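Trainee: Got a structure here, written out as structure tokens. Questions coming.
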Amino acid sequence: MSPYLFYPLACLTIAGALGVVLNNNPVRSALSLVATLFLLAVYYIALQAHLVAALQIIVYAGAVMVLFLFVITLLNLSPDPADRTSPLFGAAALGSALLLAVVLGRALWATTLPGAANTPLPEGFGTTVVLARQLFSEYLVAFELTSILLLVAVVGAVVLAKRDPSPADMDAPAPGREA
Amino acid sequence: MVTPNHYLALSAVLFAIGSIGVVVRRNLVIIFMSVELMLNAANLAFVAVAYGRGLMSGQSIVFFVMTVAAAEAAVGLAVILAMFRNRQTVNADDIALLRW
Amino acid sequence: MTMHTPAPQEAALVVDYLRYIPLAPLVGVLIHLILGQRAGRAVTNIVACSVVYVSFMLALNAFWSIYTGTPGTVLSDHVYSWISAGEVSVDFSLKVDALSALMCMIVTGVGFLIHVYSTGYMWHDPDYARFFAYLNLFTAAMLLLVLADNLILMFVGWEGVGLCSYLLIGFWYTDMAKASAGKKAFLVNRIGDAAFLIGAFMLFWGLASAGHPGLSFANINANVDALPHALVVGAALLLFVGATGKSAQIPLFVWLPDAMAGPTPVSALIHAATMVTAGIYMVARLNGLYMAAPEAMNVVAVIGATTALMAATIGVAQTDIKKVLAYSTVSQLGYMFLALGVGAFGAAVFHVMTHAFFKALLFLGAGSVIHGLHEEQDIRKMGGLRSKMPHTYWTFAVATLAIAGVPGLSGFFSKDEILAATFDHGNYGLWAMGVMAAGLTAFYMTRLTVLTFFGEFRGGAQAESRIHESPGSMVLPLAVLAVLAAIGGYVGVPHVLGGHNQIGAFLAPVVGHHEFQISAATEYALMAVSVGVAFAGIFFAWRLYRRGPEGDKVLSDWLTGGYEGMAGAYFLDDVYDALVVRPIRRTSEWLWRVFDVEVVDGLANGIASAVTNIGGVWRRWATGNVQHYLLTVLIGVAALVLAVTVRS
Amino acid sequence: MTLPIANIEVLYPLMFACAWGLLVLTVEMFSLSRRFVGIGWLSALGLAAVAGISLSGQGAGEVFAGAVALDAFSVYFYVLLSVLAIFAVFLSMDYVPLAGIIHGEFYPLILFAVAGLLVMVSATDLIVMFLGLETMSMAVYVLAGIRKDELRSNEAALKYFLLGAFASALLLYGIALIYAITGSTVLGSVANAIASTDYLAADSLVLMLGVGMLLAGFAFKIAAVPFHLWTPDVYEGAPTTVSAFMATAVKAGAFAALLRIVLVALAPVMPDLSWLMWVLAASTMTMGNFVALRQTNVKRMLAYSSIAHTGYLLVGVTAATAEAGAAVLYYLAAYGVMNIGAFGVLAALTRRRHALQEISDFAGLGQNRPVLALVMSICMLSLMGMPPLAGFVGKFYLFTAALEAGYTVLVVIAVLNSVVSAAYYLGVLRAMYFQSADAEEYSPRPYLNFAVTAAAAVTVALGLAPSPVMGAASRAFSSIILGP
């Protein structure tokens, strides 16, 4: 990616991220997040991760964020003026986060990735075929595990989110259960 | 020339912004969105490293992280929903029944 | 200087019945737990006593094997290998040598008598099954402590007796003060236990690095030379701190007087005859270690002498019959540590034995008095019980004379040997402290006896009519103990008096032999001094208190001139008062109020409240606000990251 | 394309656990009873089978595709986690109806949480480990909040979820940084890369930052100071048997994963970080014990006690020798059993819709319910470190190992801490035996009573005969240390 493209995009991404954090209106926050996720997909394309970029848009922007927006509208969340932190608290948070950003950013900026010495990318890097091969060979366990993970999430979400039957619908208290 | 280091540094910045959001916001949904931002920062780092080192595994990892994020979103929003049903609030300050 | 011949090598004889000695009372515990009150009083009593009797017979058997065997015979019973860590293993092994055989006899013998006594004492208590479960559990733990062949197994018993003591002190929990006395006892003991454990760990580690892994007493005593001197001294001192906790020495003695809240048989068994001597037993067990650490030995001697004198002084001013005995116990334990500190291990153990007899007897006698007076413990409200409770009186009197050091009775021989050994060791200052404490002991014990049994009853006519002598199950143990308290000393008659000091010879294979360097004439002189001091104490106390507790007030009356007309008659008393009683009483009050209650207790309470206050402040950290938690995590990560950066 | 199914036996216990979870989930849908006792039995059966399969399958082939290993270490934790989960299930069989939990998904979620834990403890790839952690966490978030109408249960789930998600993000970013430097997430490769490469200063910095964030993520899961604040709130608000599961099985799983990472993947850098572990260990146990002193709610007290025990366990991680590692493994077993007993007694005292958790609620237990009181006493004394119970033997192993590794001051701090801890454990004993209260009527709770009695018996047995478990722990631990 050319620097002339990268820097403006990076600024936009950071702006989007700040939008998530700073917007009072939850819907605007969510939309900022969607924008940030789209921008990330652009980087993925530039980094030769085409399938990941597509998934980013389909899964994140398409599914996860819709879920967020759905919940926001379901709860009818409006801008909350009470959503402000005390200055001291905010300063502590900002200080820690800045420290994190500076330390991490500087270290990552300066690092030389071992093995990254201008070697050309391997054949088929980033293609769906290569990725799929990897998912079904060395990451087979992880891949199968995600199915359990998603199943647990679904079961859990249903358990927590569905409305319970009213006590009257329940069978009579079983013996041994105190009133 | 834009190197993977640029992306890595950007990811660090996004990660930090996400962590600020998690801490300073009161709205549970926004806190949670900030966590998603942090996960995405990690994803960017994985993809950048994969590109920089010519390793495909980074991309596979991102695939899994997305799954985790989706699962977390489902459960997390359900938790928030259950909470909202009982208390009619998503403000973190209102939730301090358990303490000390 | 003292000649100390180290213990010779031991020849082990493998037997497999030793395990049943602690196991028998444990079976009793299980029976009490399972049957509970359902078993009924008679069955519970019989079970409780008979399991201890079984232990006693087994202990007797072991004792006999040692006594008749060649000197240095050791019985050992390896049950199984308990903890193995690396090449080191801590075995569940029991060992009986002369020292543990004697201790075992004391624990089971005196323990059995106290169990029998308790059947009478607890006759009216509804919760007797729980009581006997605790008491049997205590006996089992104490026997394990005594029989253990290594430091860690000993620690099992060590903690076990502490726990039982806690449970029994708080037994009558309706009184909150009593429950908190139990807690105090337990926590103070835990401080000592922490020191014990650190000391044990140091030895464990040191011995392993020196190539002699293992914490068996034989291993520690034999290989102490292979350890760095600093480690030996450090471990000896830490273990001694543990001993001060269990055996109520400065600075951890504060719990024992409070522990008198428990039932009186418990005070007799745990807080006089057995548990509190565990510290002395442990030091004697590790005599090889302590002999190699003269600095630690000096500390032991100084602490012991100081405690003996201080506690005896405090005992003078107490008005609660059990508190007097409690401080007396602290004082006598101080003697034992003094003996240990000057290297007279045998004398210390000898005193453990005689003390077990007469102090158990005193406590049981006090229990009998309290029982007969329906829970009255204030000696100012007693008096004249000589005729009402004759059996109790006679036995109590024997014990008083024994502890006072009247020649011919058991306390005389053991105390005299300690004082002689101290003098022999060259510590004249410590010897002087010991002699002063001996005089004070005679004084406060006579005061106690006189106020309790002589003169007129001061508790009111109604209470007087209800006084009764205790039942046979309580009097019989008193009688047995009285005989022992009277003649128990004859196993240790010193050579100058034509005896053979059989107990010294018996223990010599374990704790080494202690030969006096002082001349026979010096020994006679020392004996004369201590006898003189004892009689002086008895005489003063008798003169002052034969008319009742007003003796306490003589001084103040004299000072305000209220005694004008009687000055002539009381002139002698006045002189005693001004020269002896007044300073002692002053010091006594001061020590008790300022040192015990404020300094030591205050320090303990201060530390405790500081800890809980810090806890209270830190607790506020968990505000309940999830945002605060998240911020903490973020700051934590930032700090972690920063720390990592700075360090690399 | 070839699938790496050559030694699929390695996966059998995992596959069985997942499949059994599905089976229980399906059967539960047709459950007629709202008490779900049959479901509980079915779950316990499956867990027992997991333990059996893993014991029989050991050595079939150690590693599956570099992702999961069935070495002695995994087997040790498979069995330990299964046993702890069986205890939790038995506790729940009476507790679930008592607490008014109407969701039969309770048991399948426990099974899935166990499946996640199994992955965590046996994963040899950081990402697989992360996925296992997340699977487990998802299930536990839901379990914590399964009493939906209870505000406290809601709040517990929410706090655990938010903090957990935050910690997961930290953990993931740490993995990303480690991946950036080593180019792999497979533990062995990470270790080799770290050991073989001659790093530039900046690289080692990134690596250390990654390690730091990874440790922060784990510090959250094991409840180490300052990442511990969620623990008391979540343990208090969650259903008691879920708290029991979290305090024992989840902690054991997190420690297992931490050990694998710290002592396998990061072994070359850990000497530089031992000071950090030292500080974590010391502050965690001191904090936990001091605050526990001020708790009147037994559940919160146990939560702070669990923080304190994290501190003791971290002493072993700090020492990082073979003996210390084995001691940590043993202590996790001992701690798990005695803690499940303590939480179990708490669950046994539940009255419907009434949280029976204050220390004063234990008054008179010694008179009214002597067996429960005895069980609680054994557990409290063991947690306190009273010989000859399991807690003492565990501390003995831990502290002697740390001493041998030269951490004298840390051991002294730890021993002093255990003195302080006696005070609050004693508070419970005091209430049970030295205070009286009227007897209450309780419904029969056979499973609960059985489970807590068994836990107390195991606590005693582990103390009296630690050798079998300790032997297994030593073998387990030595199986993960890379050979020379």
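Protein chains in written order, with the numbering used here: chain A, 44 to 222; chain B, 2 to 101; chain C, 46 to 693; chain D, 430 to 913. Just so it is clear, CB atoms sit at the ideal spot from N, CA and C, and this is done for glycine as well. Source: prediction; values computed, not measured.
For Phe113 of chain A, is the classification buried or exposed, using 16 other Cβ atoms within 10 angstroms of its Cβ as the cut-off for buried?
Mentor: Within the first sequence, numbered from 1, the residue matching residue 113 of chain A stands at position 70. By the 10 Å Cβ count, Phe113 of chain A comes out exposed.
Trainee: Please confirm if Val682 of chain C has its CB atom under 8 Å from at least one CB of chain A.
Mentor: As a working mapping, residue 682 of chain C is identified with position 637 in the third sequence. Yes, Val682 of chain C counts as interfacial toward chain A.
Trainee: What are the boundary residues of the beta strand (DSSP E) that Val133 of chain C is part of?
Mentor: Looking up residue 133 of chain C in the third sequence gives position 88. Element bounds for Val133 of chain C: Val133 to Val141.
Trainee: At which residue ranges does the segment 681 to 745 of chain D contain complete alpha helix (DSSP H) runs of 4 or more residues, listed in the order of the chain?
Mentor: Here the runs fully enclosed are 699 to 721.
Trainee: Kindly give me the distance between the Cβ atoms of Gly533 of chain C and Met398 of chain C, rounded to whole angstroms, as I take these residues to be in contact under 8 Å.
Mentor: Taking the third sequence and counting its residues from 1, the one referred to as residue 533 of chain C is at position 488. Taking the third sequence and counting its residues from 1, the one referred to as residue 398 of chain C is at position 353. About 7 Å; that satisfies the 8 Å criterion.
Trainee: Residues in its own chain within less than 7 Å of Ala253 of chain C by CB, not counting five upstream and five downstream?
Mentor: Looking up residue 253 of chain C in the third sequence gives position 208. Once the five neighbours on either side are set aside, the close Cβ partners of Ala253 of chain C are Val133.
Trainee: If you count every other CB in all the chains shown that lies within 10 Å of the CB of Phe285 of chain C, and 16 or more means buried, which is it?
Mentor: As a working mapping, residue 285 of chain C is identified with position 240 in the third sequence. With 16 or more Cβ atoms within 10 Å of its Cβ, Phe285 of chain C is classed as buried.
Trainee: Can you have a look at Tyr211 of chain C and say buried or exposed, based on whether 16 or more other CB atoms are within 10 angstroms of its CB?
Mentor: Locating residue 211 of chain C in the third sequence gives position 166, where the first residue counts as 1. Answer is buried; the Cβ neighbour count reaches 16.
Trainee: Quick check on Tyr741 of chain D - is its C-beta less than 8 Å from some C-beta in chain B?
Mentor: Counting from one through the fourth sequence, the residue named residue 741 of chain D turns up at place 312. No, its Cβ sits nowhere closer than 8 Å to a Cβ of chain B.
Trainee: Any idea what DSSP makes of Trp587 of chain C, helix, strand or coil?
Mentor: Here residue 587 of chain C refers to the residue found at position 542 when the third sequence is read from its first residue. Three-state result, Trp587 of chain C: helix.
Trainee: Would DSSP call Ala847 of chain D helix, strand or coil?
Mentor: Within the fourth sequence, residue 847 of chain D is the residue found at index 418, counting from 1. The question names Ala, yet the displayed sequence has Ser at residue 847 of chain D. The answer is helix: DSSP assigns Ser847 of chain D an H, G or I state.
Trainee: Give me the chain D residues within the contact set of Leu675 of chain C, using Cβ-Cβ distance strictly less than 8 Å, ordered along the chain.
Mentor: As a working mapping, residue 675 of chain C is identified with position 630 in the third sequence. The contacting residues are Leu591, Leu592 and Phe595.
Trainee: With the cut-off set at 8 Å, would you say Ala487 of chain C and Gly450 of chain C are in Cβ contact?
Mentor: Here residue 487 of chain C refers to the residue found at position 442 when the third sequence is read from its first residue. Here residue 450 of chain C refers to the residue found at position 405 when the third sequence is read from its first residue. A contact, by the Cβ cut-off of 8 Å.
Trainee: When Cβ atoms are compared, which residues of the segment 23 to 34 of chain B fall closer than 9 Å to chain C?
Mentor: Taking 9 Å as the Cβ-Cβ cut-off against chain C, the residues of the segment 23 to 34 of chain B that qualify are Val23, Val24, Val25, Arg26, Arg27, Leu29 and Ile32.
Trainee: Are the C-beta of Ser896 of chain D and some C-beta of chain C separated by less than 8 Å?
Mentor: Locating residue 896 of chain D in the fourth sequence gives position 467, where the first residue counts as 1. Yes - at least one Cβ of chain C is within 8 Å of the one on Ser896 of chain D.
Trainee: If you drop the 5 nearest sequence neighbours on each side, which residues of the same chain put their C-beta closer than 6 Å to that of Phe108 of chain C?
Mentor: The count along the third sequence starts at 1 and reaches residue 108 of chain C at position 63. The answer, listed in chain order, is Ala146 and Met150.
Trainee: Could you give the distance in angstroms between the alpha-carbon of Val691 of chain C and the alpha-carbon of Gly770 of chain D?
Mentor: Position 646 of the third sequence, counted from the start, is the residue given in the question as residue 691 of chain C. Position 341 of the fourth sequence, counted from the start, is the residue given in the question as residue 770 of chain D. If you take the alpha carbons of Val691 of chain C and Gly770 of chain D, they lie about 44 Å apart.
Trainee: Near Phe49 of chain A, which residues of its chain fall below 6 Å by C-beta distance, leaving aside the five closest residues on each side in sequence?
Mentor: Mapped onto the first sequence, residue 49 of chain A falls at position 6. Cβ within range, chain order: n/a, list empty.
Trainee: Using the Cα positions of Val528 of chain C and Val576 of chain C, report the straight-line distance between them to the nearest angstrom.
Mentor: Here the question's residue 528 of chain C lines up with position 483 in the third sequence. Here the question's residue 576 of chain C lines up with position 531 in the third sequence. Answer to the nearest angstrom: the Cα atoms are 21 Å apart.
Trainee: Taking only three categories from DSSP, how would you classify Val361 of chain C?
Mentor: The residue you call residue 361 of chain C lines up with position 316 of the third sequence. Of the three classes helix, strand and coil, the one that applies to Val361 of chain C here is coil, per DSSP.
Trainee: Among D:Ala902, D:Thr614, D:Val849 and D:Leu891, which has the Cα closest to the Cα of Gly495 of chain D?
Mentor: Position 66 of the fourth sequence, counting from 1, holds the residue named residue 495 of chain D. Comparing Cα-Cα distances from Gly495 of chain D to each of D:Ala902, D:Thr614, D:Val849 and D:Leu891, the minimum goes to D:Thr614.
Trainee: Using a beta-carbon distance below 8 Å, is Ile105 of chain B in contact with chain C?
Mentor: Outside the shown range of chain B, which is 2 to 101, sits residue 105 of chain B, and nothing can be said about it.
Trainee: Is it true that the CB of Ile515 of chain D sits closer than 8 Å to the CB of Ala473 of chain D?
Mentor: Indexing the fourth sequence from 1 puts residue 473 of chain D at position 44. Indexing the fourth sequence from 1 puts residue 515 of chain D at position 86. Closer than 8 Å, so yes.
Trainee: Near Ala480 of chain D, which residues of its chain fall below 6 Å by C-beta distance, leaving aside the five closest residues on each side in sequence?
Mentor: Position 51 of the fourth sequence, counted from the first residue, corresponds to residue 480 of chain D. Correct list, in chain order: Val508 and Ser511.
Trainee: Pick out whichever of C:Ala245, C:Thr309 and C:Ile348 has its Cα sitting closest to the Cα of Gln294 of chain C.
Mentor: Within the third sequence, numbered from 1, the residue matching residue 294 of chain C stands at position 249. Ranking the options by Cα distance to Gln294 of chain C, first place goes to C:Ile348.
Trainee: What residues in the segment 180 to 206 of chain A bring their beta carbon closer than 7 Å to a beta carbon of chain D?
Mentor: Answer set for the segment 180 to 206 of chain A: Ser180, Glu181, Leu183, Val184, Ala185, Leu188, Thr189, Ile191, Leu192, Val195, Ala196, Val198, Gly199, Val202 and Leu203.
Trainee: If we count Cβ pairs, one from each stretch, closer than 8 Å, do we get three or more for the segment 386 to 397 of chain C versus the segment 459 to 475 of chain C?
Mentor: Yes: the two stretches touch, three or more of their Cβ pairs being nearer than 8 Å.
Trainee: Excluding five sequence neighbours on each side, which residues of the same chain lie with their C-beta closer than 6 Å to the C-beta of Gly62 of chain A?
Mentor: The residue you call residue 62 of chain A lines up with position 19 of the first sequence. Closer than 6 Å at Cβ, skipping near neighbours: Ser75.
Trainee: Counting only Cβ-Cβ distances shorter than 9 Å, please list the residues of the segment 135 to 150 of chain A near chain E, keeping chain order.
Mentor: In summary, chain E is missing from the structure at hand, where the protein chains are A, B, C and D.
Trainee: From what residue to what residue does the beta strand (DSSP E) around His676 of chain D run?
Mentor: If you number the fourth sequence from 1, residue 676 of chain D lands on position 247. The question names His, yet the displayed sequence has Ala at residue 676 of chain D. No beta strand (DSSP E) contains Ala676 of chain D, which DSSP labels as neither H nor E.
Trainee: Using 8 Å as the threshold, is the C-beta distance between Met381 of chain C and Ile415 of chain C below it?
Mentor: In the third sequence, counting from the first residue as 1, residue 381 of chain C sits at position 336. In the third sequence, counting from the first residue as 1, residue 415 of chain C sits at position 370. Cβ atoms of Met381 of chain C and Ile415 of chain C: not closer than 8 Å.
Trainee: Since Arg723 of chain D and Gly681 of chain C are thought to touch, with beta carbons under 8 Å apart, how far apart are those beta carbons, to the nearest angstrom?
Mentor: Along the fourth sequence, read from residue 1 onward, the residue named residue 723 of chain D stands at position 294. Along the third sequence, read from residue 1 onward, the residue named residue 681 of chain C stands at position 636. Arg723 of chain D to Gly681 of chain C, Cβ: 22 Å. No contact.
Trainee: At a CB-CB cut-off below 7 Å, which residues of chain A make contact with Leu685 of chain C?
Mentor: Taking the first residue of the third sequence as position 1, residue 685 of chain C is located at position 640. Those within 7 Å of Leu685 of chain C in chain A number zero; the least Cβ separation is about 10 Å.
Trainee: Against chain C, does Ala93 of chain B count as a neighbour if the rule is that its beta carbon must be under 8 Å from one of theirs?
Mentor: The residue given as residue 93 of chain B occupies position 92 in the second sequence. Judged by the 8 Å Cβ criterion, Ala93 of chain B is in contact with chain C.
Trainee: Hey, would you say Leu409 of chain C sits closer than 8 Å to Pro310 of chain C, going by beta carbons?
Mentor: Along the third sequence, read from residue 1 onward, the residue named residue 409 of chain C stands at position 364. Along the third sequence, read from residue 1 onward, the residue named residue 310 of chain C stands at position 265. Yes.
Trainee: If we define contact as Cβ-Cβ less than 8 Å, is Leu529 of chain C a contact residue for chain A?
Mentor: Stepping through the third sequence from its first residue, residue 529 of chain C is reached at position 484. No - not a single Cβ of chain A is within 8 Å of the one on Leu529 of chain C.
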